[in-house]
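Encoded as structure tokens, the structure appears first; notes follow it.
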Amino acid sequence: MDELGATRDLGLTLAGGGNRTLYNLALIERWGERLWPRLAAVGGVSAGACMLALYVSGRAQAARDFWHIRRREVSRNLDPARLLRGQAIAPHGEVYRDTLLHAFDAEALARIQSAPFPVLFLAAAPPSPLPASLGTVLGFGAYKIEKGLRAGLVHPSAGRRLGFRPVIVDARSCESAEELADLILASSSTPPFTPIGRFRGEALIDGGVIDNVPAFVAETVPEVRRNLVLLSRPYPTSVLGRQGRRLYLAPTATPPCECWDYTRSDLAEATYDMGARE
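Here the sequence shown is numbered in our numbering, starting from -17 and rising by one per residue.
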């Protein structure tokens, strides 16, 4: 029991989806007072992991404000001219890291480290002996093919079948803002937008290659009896609602912002506002 008398038996899962996960950030912020005392574990992947970290740390608004300023000069998501300057073709990795480091000041990091439940993030390790670069192409290619062939599929399995290994890390174990940023960026590693991740010496890529709706992550915690699973795009009604001990919720329409569009602050805010309304 927590201090309010609520039993902590609820898991919370946030799917990946880039900027579209702002929709789910708005949802959990609205539900915060009722949700927090019931949580036994949270689990997320990619930008969903980022949103969970911001929620637990209490720094979501500060991060959003900084992101809007930091990305102000971004006019193209992929800019070949950057290569001529010795930079990555996309600015996303730099903007993303700077935003995380701004958000996770000493107090924010302490709030995550002292969270009363596991804060679990999923990344993917490419199959040995493939180099991470080749594994990235293989993993994302298989993911897109599987999703394309099976409309409405919530939990892909091609990545596991190809030998990608899930790496689950409790963010409470991170000892610095830099290490926490490394973890989130590894979970979000989606070349060419963000570089191949590296966390504690291991090359990792976006955990969505394993499962972009990683409900199983929170369920590794024995206390979790129910799991609230928040999706970042619409799905067929047949896969939504109560499914065993999971409750799947999705946006009623496609959120306004594209996953990796860093050129339109207005659409990012419209996505957040959509979540707040729904």
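Here a beta-carbon is modelled for each residue, glycine too, at the ideal position from N, C-alpha and C.
Please read these numbers as outputs of a predicted model, since none were measured by experiment.
Under the three-state reduction of DSSP, I178 is assigned to coil, being neither helix nor strand. Residue pairing of L229 in beta bridges, as defined by DSSP: L210, R224. Within the DSSP bridge table, the entry for G183 names no partner. In the DSSP assignment, no residue is bridged to G145. For L36, the enclosing alpha helix (DSSP H) stretches over residues 29 to 39. For D152, the CB contacts under 7 Å within the same chain, skipping 5 residues up- and downstream, are P100, V101, L102 in chain order.
In this structure, DSSP gives G123 a helical state, which the three-state scheme calls helix. Spatial neighbours of V211 in its own chain (CB-CB distance under 6 Å, excluding positions within 5 residues in sequence) are listed in chain order as T(-5), A197, R228, Y230. Following the DSSP letters along the chain, one finds V199 inside the alpha helix (DSSP H) bounded by residues 197 to 200.
In the displayed model, T236 falls within coil according to three-state DSSP, outside both helix and strand. About 6 Å separates the CB atoms of G141 and Y125; that is less than 8 Å, so the two are in contact. Between L91 and A159, the gap from beta carbon to beta carbon is short of 7 Å. Going by DSSP, F86 is part of no alpha helix (DSSP H) at all; its letter is neither H nor E. Residue pairing of T219 in beta bridges, as defined by DSSP: absent, with no partner found. Between G257 and A8, the C-beta gap is smaller than 7 Å, which places the two residues in contact.
In summary, W18 is buried, with 16 or more beta-carbon neighbours lying within 10 Å of its beta-carbon over all protein chains present.
Out of G183, H50, E157, S155, the CA that lies nearest to the CA of A168 is found in G183.
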